[in-house]
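Student: With our numbering applied, the sequence shown corresponds to residues 17 to 335, in that order. We put the CB at the ideal spot given by N, CA and C, even for glycine.
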Amino acid sequence: MAMALSQLSPETRPVLIASGFVPAILVLGAACALATAGTAPLPMPGYLLQKLRTGAFLGIVATGMMMVILPGHIDLPVPWTMTAATMVATAVGGPRAIPAGLAVGLAAGPFNGLGVSVLRIPSMIFTLGVDSVLRGLMVAQTGGLAPQDRATDTMRLLAAGKLAGVPAASFVWLAVSVGIAVLLRRTAFGREIHATGTCEAAVYLAGIRSRRVIVGAFAASGLCAALAGVLLAGCSAKACQGIGTPFLPPAIAAVVIGGTRFLGGQGRYAGTFAGVVLIVPLNSVLSIMQMPEAGRQVIHGSVILCLLLVHGRSAHSPS
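(1) Return the chain-ordered list of same chain residues with a C-beta closer than 8 Å to the C-beta of methionine 154, the five sequence neighbours on each side being excluded.
(2) Between valine 134 and histidine 89, is the Cβ-Cβ spacing less than 9 Å?
(3) Whole angstroms are fine: how far does the CA of isoleucine 196 sit from the CA of leucine 118?
(4) Work out the CA separation of glycine 129 and leucine 68 for me, nearest whole Å.
(5) How about glycine 275 and alanine 175: are their beta carbons less than 9 Å apart?
(6) Relative to the C-alpha of valine 229, which candidate in Gln306, Val77, Val182 and Ile85 has its C-alpha closest?
(7) For proline 183, list the residues DSSP reports as bridge partners.
(8) First and last residue of the alpha helix (DSSP H) that includes arginine 227?
(9) Determine the closest residue to valine 120 out of Met82, Ala105 and His210, with distance taken between C-alpha atoms.
(10) Taking alanine 113 as the reference, give the member of Asp169, Gly125 and Met82 with the closest Cα.
(11) Can you tell me where the alpha helix (DSSP H) with arginine 207 in it begins and where it stops?
(12) Tell me which residues share the same chain as threonine 70 and place their Cβ nearer than 7 Å to its Cβ, disregarding the 5 neighbours each side in the sequence.
(13) For arginine 201, write down the residues that DSSP places opposite it in a beta bridge.
(14) Buried or exposed, going by whether 16 or more other CB atoms sit within 10 Å of the CB of phenylalanine 278?
(15) Can you give me the C-alpha to C-alpha distance between threonine 214 and alanine 180, rounded to a whole angstrom?
(16) In this structure, how does DSSP classify arginine 172 when only helix, strand and coil are distinguished?
(17) Alpha carbon to alpha carbon, what distance is there between alanine 211 and glycine 238?
(18) Give the range of the alpha helix (DSSP H) segment to which glycine 223 is assigned.
(19) Indicate whether the contact test is met: 3 or more Cβ pairs, each with one atom in the segment 217-225 and one in the segment 143-157, closer than 8 Å.
(20) Using three-state DSSP, classify methionine 19 as helix, strand or coil.
(21) Does the beta-carbon distance from alanine 116 to lysine 254 come in below 9 Å?
(22) Which residues does DSSP list as the beta-bridge partners of arginine 166?
(23) Check whether the Cβ atoms of isoleucine 76 and valine 192 sit closer than 9 Å, and answer yes or no.
(24) Going by C-alpha distance, which of Ile273, Ser318 and Leu247 is nearest leucine 293?
(25) How far does the alpha helix (DSSP H) with proline 265 in it reach, from first residue to last?
(26) Are the CB atoms of alanine 185 and leucine 122 within a distance shorter than 9 Å?
(27) Expressed to the nearest angstrom, what Euclidean distance is found between the alpha-carbon atoms of alanine 242 and methionine 140?
(28) Rounded to the nearest angstrom, what separates alanine 204 and glycine 177 at their Cα positions?
Put into structure tokens, the structure is as follows:
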């Protein structure tokens with residue numbers, strides 16, 4: 017088995033490994049549900065479709081995160097970009113609500129990119145500072161209280177509505193997925209992102225404006241974070257303080273589990289998609305088990321470590 021995996025390309029191997037764990041997690045969830053004598057829901061198609069909505073939010077955030085990890089950076093203000101987008105969208109209201117929310121991401125993302133590419137400040141340091149600034153601004157704006165503004169009907173339809181029984185948010189995620197996959201595989205900008213992550217100096221010497229590539233990657237991340245925030249506001253019908261906080265660790269985990277090299281230069285969107293598809297049923301199974309938060313975090317982290325170990329061993333196994 018290890019020999020077969022080692023013969024696959026570095027970008028294909030993580031997709032198969034992550035996909036192979038999904039049935040095992042679903043079987044575990046079914047066993048736990050049966051063990052509780054029916055008091056916990058079985059992971060049946062209806063239940064999984066319900067969880068697909070949450071998966072769509074995570075998938076959109078992970079898509080943006082992959083865009084900045086590929087060129088070798090990280091975007092830590094994602095949770096508060098999401099929160100700011102929800103607050104602005106619900107405060108503006110009407111037909112301008114969604115564009116106003118997305119504009120927050122299109123402002124925060126390029127700002128991060130400029131700080132990283134022009135000032136040459138490490139992305140983890142610069143974006144951590146931006147995260148603190150956004151958090152302070154949101155708390156100052158609301159006084160630390162939950163905003164009273166409500167989501168528009170369009171926001172609620174996109175986030176909580178259904179099309180042919182499938183959550184509408186999943187179609188938004190699908191559209192984002194197709195767009196990013198085409199961008200990375202079929203355009204010069206996608207190739208430049210991979211090349212920048214491999215060696216930015218070589219890209220610069222080749223005549224490619226690496227700063228433009230980095231700013232564009234951060235702009236995509238900010239836009240995805242804002243879109244996910246707007247959808248979350250539609251799902252909850254209003255904005256909430258720290259609404260995006262739970263999405264940062266699993267978004268990074270989905271990207272890394274999917275085989276994107278954390279230092280940049282290697283990765284494909286199919287891997288990130290598989291990482292999200294793995295994390296969503298894992299969280300569902302932990303909910304079925306009624307696991308306390310402490311145990312949930314331990315198991316969640318252990319599964320991620322196991323996947324990374326399997327991926328690492330298969331990558332270094334002799335052919």
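Tutor: This is what the structure gives:
(1) For this step, residue 154 is matched to residue 138 along the sequence shown. Cβ neighbours of methionine 154 beyond the five flanking positions: Trp96, Thr99, Ala100, Met103 and Gln257.
(2) Sequence index remark: in the sequence shown, residue 134 carries index 118 (1-based). Sequence index remark: in the sequence shown, residue 89 carries index 73 (1-based). Against a cut-off of 9 Å, the Cβ pair of histidine 89 and valine 134 comes out as no contact.
(3) To locate residue 118, count along the sequence shown from 1; it is residue 102. To locate residue 196, count along the sequence shown from 1; it is residue 180. Near 17 Å, if we compare the C-alpha coordinates of isoleucine 196 and leucine 118.
(4) Locating residue 68 in the sequence shown gives position 52, counting from the first residue. Locating residue 129 in the sequence shown gives position 113, counting from the first residue. Rounded to whole angstroms, leucine 68 to glycine 129 spans 31 Å at the Cα level.
(5) Here residue 275 corresponds to residue number 259 of the sequence shown, with the count starting at 1. Here residue 175 corresponds to residue number 159 of the sequence shown, with the count starting at 1. Cβ distance not < 9 Å, so glycine 275 and alanine 175 don't count as in contact.
(6) Working through the sequence shown from its first residue, we reach residue 229 at position 213. Checked all of Gln306, Val77, Val182 and Ile85; the closest Cα to valine 229 is Ile85.
(7) If you number the sequence shown from 1, residue 183 lands on position 167. In the DSSP output, where bridge partners are listed per residue, proline 183 has Lys178.
(8) As a working note, residue 227 is residue 211 in the sequence shown. Start and end: 226-252.
(9) What you label residue 120 is simply residue 104 of the sequence shown in a count that begins at 1. Answer by Cα proximity: Ala105.
(10) Translated into positions along the sequence shown, residue 113 becomes position 97. Per the Cα distances, Asp169.
(11) Here residue 207 corresponds to residue number 191 of the sequence shown, with the count starting at 1. Taken as a continuous stretch (DSSP letters only), the alpha helix (DSSP H) holding arginine 207 covers 204-214.
(12) Mapped onto the sequence shown, residue 70 falls at position 54. Excluding residues within five positions, the ones whose Cβ falls inside 7 Å are Val296.
(13) Numbered from its first residue, the sequence shown carries residue 201 at position 185. Bridge partners of arginine 201: none, in fact.
(14) Indexing the sequence shown from 1 puts residue 278 at position 262. Exposed, because fewer than 16 other Cβ atoms sit within 10 Å of the Cβ of phenylalanine 278.
(15) If you number the sequence shown from 1, residue 214 lands on position 198. If you number the sequence shown from 1, residue 180 lands on position 164. Rounded to the nearest angstrom, the two C-alpha atoms are 43 Å apart.
(16) Residue numbering aside, residue 172 sits at position 156 when the sequence shown is read from its first letter. The answer is helix: DSSP assigns arginine 172 an H, G or I state.
(17) By 1-based counting over the sequence shown, the position of residue 238 is 222. By 1-based counting over the sequence shown, the position of residue 211 is 195. The straight-line gap from Cα to Cα measures roughly 21 Å.
(18) Looking up residue 223 in the sequence shown gives position 207. Where glycine 223 is concerned, there is no enclosing alpha helix (DSSP H), given that its DSSP letter is neither H nor E.
(19) no
(20) In the sequence shown, the residue the question calls residue 19 occupies position 3. Any reading at methionine 19 needs caution, since the residue's pLDDT is 48, under 50, leaving its predicted position unreliable; the model's value is listed next. Helix.
(21) Walking along the sequence shown from the start, residue 116 turns up at place 100. Walking along the sequence shown from the start, residue 254 turns up at place 238. No, the pair does not count as a contact, with Cβ atoms beyond the cut-off.
(22) Taking the first residue of the sequence shown as position 1, residue 166 is located at position 150. Looking at the DSSP assignment, arginine 166 forms a beta bridge with Lys254.
(23) Translated into the one-based positions of the sequence shown, residue 76 becomes position 60. Translated into the one-based positions of the sequence shown, residue 192 becomes position 176. Yes, Cβ-Cβ distance for isoleucine 76 and valine 192 is below 9 Å.
(24) Here the question's residue 293 lines up with position 277 in the sequence shown. For the record, residue 293 in the displayed sequence is valine; it is not leucine. When only C-alpha atoms are compared, the closest one is Ile273.
(25) By 1-based counting over the sequence shown, the position of residue 265 is 249. Start and end: 264-273.
(26) Counting from one through the sequence shown, the residue named residue 122 turns up at place 106. Counting from one through the sequence shown, the residue named residue 185 turns up at place 169. Cβ atoms of leucine 122 and alanine 185: not closer than 9 Å.
(27) Taking the sequence shown and counting its residues from 1, the one referred to as residue 242 is at position 226. Taking the sequence shown and counting its residues from 1, the one referred to as residue 140 is at position 124. Cα to Cα, alanine 242 sits roughly 20 Å from methionine 140.
(28) Counting from 1 along the sequence shown, the entry for residue 204 is found at position 188. Counting from 1 along the sequence shown, the entry for residue 177 is found at position 161. Their Cα atoms are separated by approximately 36 Å.
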